[in-house]
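Chains as they are written, first to last, in the working numbering: chain C, 364 to 601; chain E, 26 to 413; chain H, -15 to 118. I have placed the structure first, in the form of structure tokens, so that the comments after it can refer back to it.
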Amino acid sequence: MGVGLLPLTDVLAQGARPQVLPGREALSAARWAMVFDSRRCREGCQDCILACHRVHNVPDIGDVEEEVKWIWTTSYEGAFPGRQHDYIDGLRSKPFVVLCNHCANPSCVRVCPTRATFKRSDGIVMMDYHRCIGCRYCMAACPYGARSFNFRDPRPYLDEVNPDYPTREKGVVEKCNFCAERLAAGIPPACVEACRDGALAFGDIEDPGSEVRKLLNSGHVLRRKPELGTGPQVYYIV
Amino acid sequence: MLTMLEKAFTGSRRYWAWLLLLLILTGAGLICYLWQLDRGLSITGLSRDVSWGLYIGQFTFLVGVAASAVMVVLPYYLHNIKEFGRIAIFGEFLAVAAVVMCVLFILVDLGKPSRLLNIVLYPSPNSLMFWDMVALSGYLLLNLVIGWNVLESERNAVPPPRWVRPLVYISIPWAISIHTVTAFLYAGLPDKHYWFTAITAARFLASAFASGPALLILLCLLVRRFTRFDPGRGALQKLATIVTYAMIVNVLFLGFELFTALYSRVPGHVHSFEYLFLGLEGHGRLVPLMWTFVALAVVALVLLLNPRTRAGETTLAAACLAVFLSIWIEKGLGFVVAGFIPNAFGHVSEYWPTLPEALISLGVWSIGFLILTVFYKIAVTVKEEVGQ
Amino acid sequence: MRIYNAPSIIAGLLVLIGLLTFPFWYNAGDVVAAPEPSLDTPVLQGLQDKQCIEPTPYMRSKHMELLRHWRDEVVRKGKAIYVASDGREYEMSLQGTCLDCHSNTDQFCGRCHDYAGVEPGCWTCHLQPEENVP
């Protein structure tokens, strides 16, 4: 581990060889976070969803009971249950993009019996599809309904396949991964890149100079179910 | 040991017919399970919103039945209640069969059962499910070893070996722990309001100590009916007392939950109860079932509280059946499903098991009863030979 | 110890042993050709230096360990680059690196895996290049 961090030249001089290295262009952060600006999100637009699902080969099962989704839109009432007000009309029809919150204190990680879902040092809550036994305990633990289970083989339900990313198989749980594979290649998440209205921002929340940090002070910011102590890292400007 | 096992291979026509029936039901379940392995859990009624259903509900219920062996072991070994000496073995073997069913229900629920050993390869002490596997495996071993050795000693008319006693003492808190751990699976999940309460663990224990001994009473009555071994009226009456108190406490705890929900009217607390007993937003699939549970519980309590109906063995049997079925409904289905309703977005998605799901469950129950029948046959034969 | 029905028991045991050891003695003495993974892919044909990321004997015996190491490094530790024993760097990716050259998975991976009767278990998730999909 320590060897991997030394500059390559120093190590070669010593005669040892690092076995693995992080990607040269990899983006890194202390804690990745996302900000959704509801003032900019256009009703009826599906760009972020389509981009994510295309890049990650997320199947379109067609049956709402067994659907697999990494990112989708819901109403204010759906995103913030119990916080809606009967007499505020403005929020009623506004779309809110919801996805895995990559919590700082994730209840899903706490309950996984094999650590197939785990928290990376940069804050991303990852899935290891090789290890998942499909017990769905994480789905019960997630307060946000962010996780989907492959009730059947997803392959027949893929319209176009992205050859650069694997699919999953029946029997495992999946969810948004904050595009960890894209971050490793130095590019932002697919949803953030796809949004033409700039409603999604992504960055290191612990970096005072990051876009996400600055956005937090630009409007009324909410998080979903903060009282649960999960520390969600998707922030909503209402 | 072999001469004990041998006793399972001699039996009446009825014995073999019963085993054959169980094998057929197991076979039907197995065929459905093979289909589930091929097609995935899509063949069940589970959904993205209600991701645990009948399988996990049955597992939850059966852990309680398994834990209830302690209600015979504790009075007998710690307090010398002599009457339980005759039936302790039946409690222990019931625990063995129940734990096997628990593990099987987990197995059939897994999306990738071939990766089951990952729990052992990558132990995760942070996860209650890991501890549940540890607790269940340990409890299975304990009851197998204790039960077998005690029975064998009885057969040889010698006292059990000295090392059995510490194992018995360990099995007592261990029994409490298996069901507490199972309750903790649920009670530690934020935002599943129906489950997220400290009394869940207490409810689990109370319903376990009602449903398990109730089943044991029924099984003992069957043993008396079909074999020459009489478990003894004293043992059955003492068990009946335990069932009565446990059922009272169980209903009381449910009442406590209802008060907190209905008096405060906090939506998170109320909604699941509303769904179960009244229907929520036009969805009420479980309502008839839950009122059946209520009716059965009332019948059970009436029969159990009245000393005459508790003493009369036909009425006692009816009461025990009512206890067992009512808790089976409430814990084996209602509890798990209601936790997911409404979902994280406040939306109601209903669940009902499919036929293959039910057949697989029936298959697992058949395997459990197969094990139970075989072990009970051995125990009864030994006791008959020894002249009880 | 007295064995009841000895003739039938012994006969039955012999039949059982015979059945259990069937795969061994039925094929005894047969000559079966060793599997030959095919290297006939456009990318491999175009390579000057036909060298995998590590020497062939190493790959043959350790590729499963290597892949497991890669998946833990990529998925669990966020690493991306593998430095081979000769110092060359490769992206740790089954689909991206390995299958770039070995795009004929059925004639490459499949040949040995079919022979050994060991399911690779990769293709339910990792995408095989078009030519392998029936």
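Heads up, the beta-carbon is just placed ideally off N, CA and C, and yes, glycines get one too. Since this is a predicted model, take the numbers as computed values, not measurements.
Requested in this report: For Ile65 (chain H), go through chain C and note every residue whose CB falls closer than 8 Å to its CB, in chain order.
Outcome: Val383, Leu384, Pro385, Gly386 and Arg387
Query raised in the report: For Met76 (chain H) and chain C, any beta-carbon pair shorter than 9 Å?
Result: yes
Query raised in the report: Within this structure, are the beta carbons of Ala557 (chain C) and Lys538 (chain C) separated by less than 9 Å?
Result: no
Query raised in the report: Hey, does Thr25 (chain H) have any beta-carbon neighbour from chain C nearer than 9 Å?
Result: no
Requested in this report: For Cys495 (chain C), go through chain E and note every residue whose CB falls closer than 9 Å to its CB, in chain order.
Outcome: Gly136, Lys137, Arg140 and Asn143
Query - Pro191 (chain E) versus E:Thr205, E:Glu177, E:Ile273 and E:Val170, residue with shortest Cα-Cα distance - result: E:Val170
Report task. Just list the alpha helix (DSSP H) runs in the segment 424 to 481 of chain C, keeping only unbroken ones of 4 residues or longer that don't cross its boundaries, in chain order. Result -> 439 to 442 and 470 to 474
Query raised in the report: Using CA coordinates, which residue listed in C:Asp560, C:Lys588, C:Tyr599 and C:Ala547 is at the minimum distance from Pro215 (chain E)?
Result: C:Lys588
Query - With 16 other Cβ atoms within 10 Å as the buried cut-off, status of Ala379 (chain C) - result: Low per-residue confidence applies at Ala379 (chain C): pLDDT is 46, beneath 50, and the placement is therefore not dependable enough to give any value.
Requested in this report: Pull up the CB-CB distance for Val124 (chain E) and Ala91 (chain E), whole angstroms please, since I reckon it's below 8 Å.
Outcome: 5 Å
Query raised in the report: Interface residues of chain C around Lys402 (chain E) at Cβ under 9 Å?
Result: What Lys402 (chain E) touches in chain C: nothing, since even the nearest Cβ is about 35 Å away.
Query - Straight-line Cα distance separating Arg405 (chain C) from Phe565 (chain C) - result: 18 Å
Report task. Pick helix, strand or coil for Gly412 (chain E), following the three-state DSSP scheme. Result -> coil
Query raised in the report: Can you name the residues of chain E whose CB is closer than 8 Å to the CB of Ser456 (chain C)?
Result: Those do not exist, as Ser456 (chain C) stays about 16 Å from chain E at its closest Cβ, beyond 8 Å.
Query raised in the report: By Cβ distance below 6 Å, which residues in the same chain neighbour Leu371 (chain C) in space, the five residues on each side in sequence not counted?
Result: Only weak support is given to the placement of Leu371 (chain C): the predicted model assigns it a pLDDT of 41, under 50, and the question is left unresolved by the model.
Requested in this report: With DSSP collapsed to three states, give me the class of Ile600 (chain C).
Outcome: strand
Query raised in the report: Any idea what DSSP makes of Asp567 (chain C), helix, strand or coil?
Result: strand
Query raised in the report: Counting only beta-carbon atoms, is Asp449 (chain C) nearer than 9 Å to chain H?
Result: no
Query raised in the report: Between Glu177 (chain E) and Val193 (chain E), what straight-line distance do the alpha-carbon atoms span, to the nearest angstrom?
Result: 16 Å
Query raised in the report: So what's Phe399 (chain C) in DSSP terms, helix, strand or just coil?
Result: strand
Query raised in the report: Within 10 angstroms of its Cβ, does Val361 (chain E) collect 16 or more other Cβ (buried), or is it exposed?
Result: buried
**Report entry** Near-chain C residues of the segment 78 to 101 of chain H (beta-carbon distance less than 9 Å), N- to C-terminal order
**Finding:** Leu78, Gln79 and Gly80
Report task. To the nearest angstrom, report how far apart Phe318 (chain E) and Ile224 (chain E) are at their CA atoms. Result -> 20 Å
Report task. Round the Cβ separation of Leu314 (chain E) and Ile267 (chain E) to the nearest angstrom and send it over; I've been treating them as touching at under 8 Å. Result -> 26 Å between Cβ atoms; not a contact.
Requested in this report: Measure from the C-beta of Thr530 (chain C) to each C-beta in chain H and report whether the shortest distance is under 9 Å.
Outcome: yes
Report task. Grab the span of the alpha helix (DSSP H) containing Glu574 (chain C) for me, first residue to last. Result -> Glu574 to Leu579
Query raised in the report: Mind checking Met490 (chain C): buried by the 16 CB within 10 Å criterion, or exposed?
Result: buried
Requested in this report: Could you check if Met126 (chain E) is buried or exposed, using at least 16 other CB atoms within 10 Å of its CB as the buried criterion?
Outcome: buried
Requested in this report: Determine, using beta-carbon pairs with one atom in the segment 251 to 268 of chain E and one in the segment 93 to 104 of chain E, whether at least three such pairs fall under 8 Å.
Outcome: yes
Requested in this report: Verify the CB distance criterion: does Met490 (chain C) have a CB-CB separation below 9 Å to chain E?
Outcome: no
Query raised in the report: Anyone know if the C-beta pair for Phe541 (chain C) and His465 (chain C) falls short of 9 Å?
Result: yes
Query - 9 Å Cβ cutoff met for Val324 (chain E) and Met272 (chain E) - result: no
Query raised in the report: What is the rounded straight-line gap between the Cα of Phe86 (chain E) and the Cα of Asn143 (chain E)?
Result: 25 Å
Query raised in the report: Is the segment 157 to 164 of chain E touching the segment 204 to 218 of chain E in the sense that three or more CB pairs, one from each, lie closer than 8 Å?
Result: yes
Query raised in the report: Does the segment 360 to 378 of chain E come close enough to the segment 435 to 453 of chain C that 3 or more CB-CB pairs lie under 8 Å?
Result: yes
Query raised in the report: Of the residues E:Lys137, E:Ser196 and E:Leu166, which one's Cα is nearest the Cα of Val535 (chain C)?
Result: E:Lys137
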